[in-house]
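A.B. asks:
In this note's numbering, the protein residues as written are 941 to 1538.
#1: What's the gap between the Cα of residue 1270 and the Cα of residue 1061?
#2: CB residue 1424 to CB residue 1386, shorter than 9 Å?
#3: How big is the Cα-Cα spacing for residue 1325 and residue 1281?
#4: Going by other Cβ atoms of all chains shown within 10 Å of its Cβ, with 16 needed for buried, is residue 1154 buried or exposed?
#5: Classify residue 1290 as buried or exposed, calling it buried when 16 or more other Cβ atoms lie within 10 Å of its own Cβ.
#6: Less than 9 Å separating the beta-carbons of residue 1413 and residue 1449?
#7: With H, G and I counted as helix, E and B as strand and the rest as coil, what does DSSP make of residue 1507?
#8: On the three-state DSSP scale, how would you describe residue 1397?
#9: DSSP three-state call for residue 1265: helix, strand or coil?
#10: Return the chain-ordered ranges of every beta strand (DSSP E) run that is complete within the stretch 1183-1261 and spans a minimum of 3 residues.
#11: Do residue 1197 and residue 1123 have their beta-carbon atoms positioned less than 9 Å apart in this structure?
#12: To which residues does DSSP link residue 1531 through a beta bridge?
#13: Determine the direct distance from the alpha carbon of residue 1173 to that of residue 1210, and round the result to whole angstroms.
#14: Taking the C-alpha atoms as reference points, what is the distance between residue 964 and residue 1312?
#15: Strictly by DSSP, which residues pair up with residue 1062?
#16: In the DSSP assignment, what residue or residues form a beta bridge with residue 1041?
#17: Mark residue 1273 as exposed unless 16 or more other C-beta atoms lie within 10 angstroms of its C-beta, in which case mark it buried.
#18: Buried or exposed, going by whether 16 or more other CB atoms sit within 10 Å of the CB of residue 1160?
#19: Buried or exposed for residue 1507, going by 16 or more other Cβ atoms inside 10 Å?
#20: Should residue 1025 be labelled buried (16 or more other beta-carbon atoms within 10 Å of its own) or exposed?
#21: Identify the residues that DSSP records as bridge partners of residue 1469: which are they?
#22: With a threshold of 6 Å on Cβ separation, who are the neighbours of residue 1526 within its own chain once the five nearest residues in sequence on each side are excluded?
#23: In terms of alpha-carbon separation, which member of 1119, 1129, 1133 and 1158 lies closest to residue 913?
#24: Excluding sequence positions up to five away, which residues of its chain have a Cβ less than 6 Å from the Cβ of residue 1112?
#25: Let's test the definition: count the other Cβ atoms within 10 Å of the Cβ of residue 1183 and tell me whether it reaches 16, buried, or not, exposed.
#26: With distances taken from CA atoms, which of 1440, 1299, 1300 and 1315 is nearest residue 1288?
#27: Going by the CB atoms, is the gap between residue 1456 and residue 1501 shorter than 9 Å?
#28: Is the distance from the Cβ of residue 1534 to the Cβ of residue 1214 below 9 Å?
Next comes the structure, spelled out in structure tokens:
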């Protein structure tokens, strides 16, 4: 009998989801997929809809009719006592790699009951799920891509293992191509203040042009898939020479175009006026904030250190190492950091970091230029995994601390109100729960996949930036108690029509985004994007984002964190190497100071 896949979603009052359960539907052979694993045992006020992804009859629950009109006494199955996750799968390996696919295999996990599914990922993105009896999967791949493959085990109760180790594959091209694209023609350059916009006519290629590289005075300063590029933050009253070259999927490059020369204006009239590299880093600068005196405090994710940076001299001073911090062989470690508004009189440094068992939020005393003493633990039990740890911290105007947490690679947790994964959390600075939190817990909003950006606007409203899986990233305006739909809804795709879901204010294709940090300066919202290698800027107009512009496309590579500076500008960090492992000092990153204009 053909296997049929089903997902559960609640459609009514949405009480707290207290536990996952296995569901057996007589004669259907239902297999529950990973992100929407199974139903939860909840109060009788909720209703449930069973969605058959392969079509056919869709039975509704709690005595309601099936699509053929028959009445069925479907019921939810109560939770069991199984809270133990499987062990991590071992010995992951790839074989039979071609330009179209690869066989990925692993050794079996163990579980106190049984392994029900294996969920296969590349670099945090779910690829497929297979039954627990399978120890391999054939995966479709993208020619030319370099991917890190790994697998998690999941039992029938929804408990998810830690991830296997990562197997890196580089996919070959499907055909040899040594012919470069034609040289771009019709190149023009126009100055607007201290920014220059370069435009050109599209090139052609025997297979296909994949992008263009823009050169300023002979050095590449950016890349794009469009036929225009804006070079921002240049020196006033200065002459620059621009050329463009095209590239294809196998890195064949055309000759550089004929050069055009342009002179910038005498003053900045654009959003970004200048970008200065203040220092470089061999480890990932993930969390960043500023001291009251304007100096910078940032964390080295994989060495677990906090560092003070003097912007005037570039001098860096290690303040100490965060006790108990560990990596995840992925994106865990020392993540968000924050200082309260009264830091001068109450000098605590707030840190979210990974441990060997969870993600947690602590605060560490800052004394005589160092972090000292035993950290005071404020919040524990935030699920961790190789990816999807979230991690951003932000103090609100009311003095409470907001925390962005990822779903721990278990999408079902994002909908469980008694689980801290896939949420925006809110606590007092001493770790207690504010009395006006919507559920009497740290949870402020839920249904998030992997949020890594939090920022408040001039009206005291919280904006959040969230990674999509493979389709859409989203920028959300967070409301108290709001459900943002994951895993049923990604951006505006999936089952997003539920009126109880809060829709995003803006979405971005994952290929152009994968944005992590956000900052708000003068009610303009800035997003630092990894895969998109760009900085977005959008105006906050009422409850919407307008005039969305892109800057620094490909100029500095993958951008991780953006934060306001004390002088009205931005701090920006890169994340170009070593950001998908926990190896210390294998990066080559920059901390950039951005001067803003209008």
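Beta carbons are placed, not taken as given, at the ideal position from N, Cα and C, and that holds for glycine.
Note that this is a predicted model, so its numbers are computed, not measured.
C.D. replies: In this structure, then:
#1: Going from the Cα of residue 1270 to the Cα of residue 1061 covers about 12 Å.
#2: Yes. Within cutoff.
#3: Spanning the two alpha carbons is a distance of roughly 32 Å.
#4: It counts as buried.
#5: Classification of residue 1290: buried, given that the 10 Å Cβ count is 16 or more.
#6: Yes, Cβ-Cβ distance for residue 1413 and residue 1449 is below 9 Å.
#7: The answer is coil: DSSP assigns residue 1507 none of H, G, I, E or B.
#8: Here residue 1397 sits in coil by DSSP.
#9: Residue state, collapsed to three classes: coil.
#10: With a minimum length of 3 residues, the continuous beta strand (DSSP E) runs that stay inside the stretch 1183-1261 are 1200-1203, 1212-1221, 1225-1230, 1236-1240, 1245-1249 and 1256-1261.
#11: Their beta carbons are under 9 Å apart, which means residue 1123 touches residue 1197 by this criterion.
#12: Beta-bridge pairing links residue 1531 to 1219 and 1513.
#13: Near 9 Å, if we compare the C-alpha coordinates of residue 1173 and residue 1210.
#14: Unreliable positioning characterises residue 964 in this predicted model, as indicated by a pLDDT of 36, which lies under 50. A coordinate reading is not provided.
#15: Among the bridge pairs identified by DSSP, residue 1062 is matched with 1065 and 1089.
#16: Paired residues: 1080.
#17: Around the Cβ of residue 1273, a 10 Å sphere holds 16 or more other Cβ atoms; the residue is buried.
#18: A residue is called buried once 16 or more other Cβ atoms fall within 10 Å of its Cβ, and residue 1160, having fewer, is exposed.
#19: Residue 1507 is exposed by the Cβ-count criterion.
#20: Residue 1025 is classed as buried because its beta carbon has at least 16 other beta carbons within 10 Å across all chains shown.
#21: Bridge pairing for residue 1469: 1455 [DSSP].
#22: Excluding residues up to 5 positions away in sequence, 1518 lie with their Cβ nearer than 6 Å to the Cβ of residue 1526 in the same chain.
#23: The question about residue 913 has no answer, for the chain in this structure spans 941 to 1538.
#24: Here the set comprises 1039.
#25: Flag for residue 1183 reads buried.
#26: The shortest Cα separation from residue 1288 among 1440, 1299, 1300 and 1315 belongs to 1315.
#27: It is a contact, given that the beta carbons lie within the stated cut-off.
#28: Cβ atoms of residue 1534 and residue 1214: closer than 9 Å.
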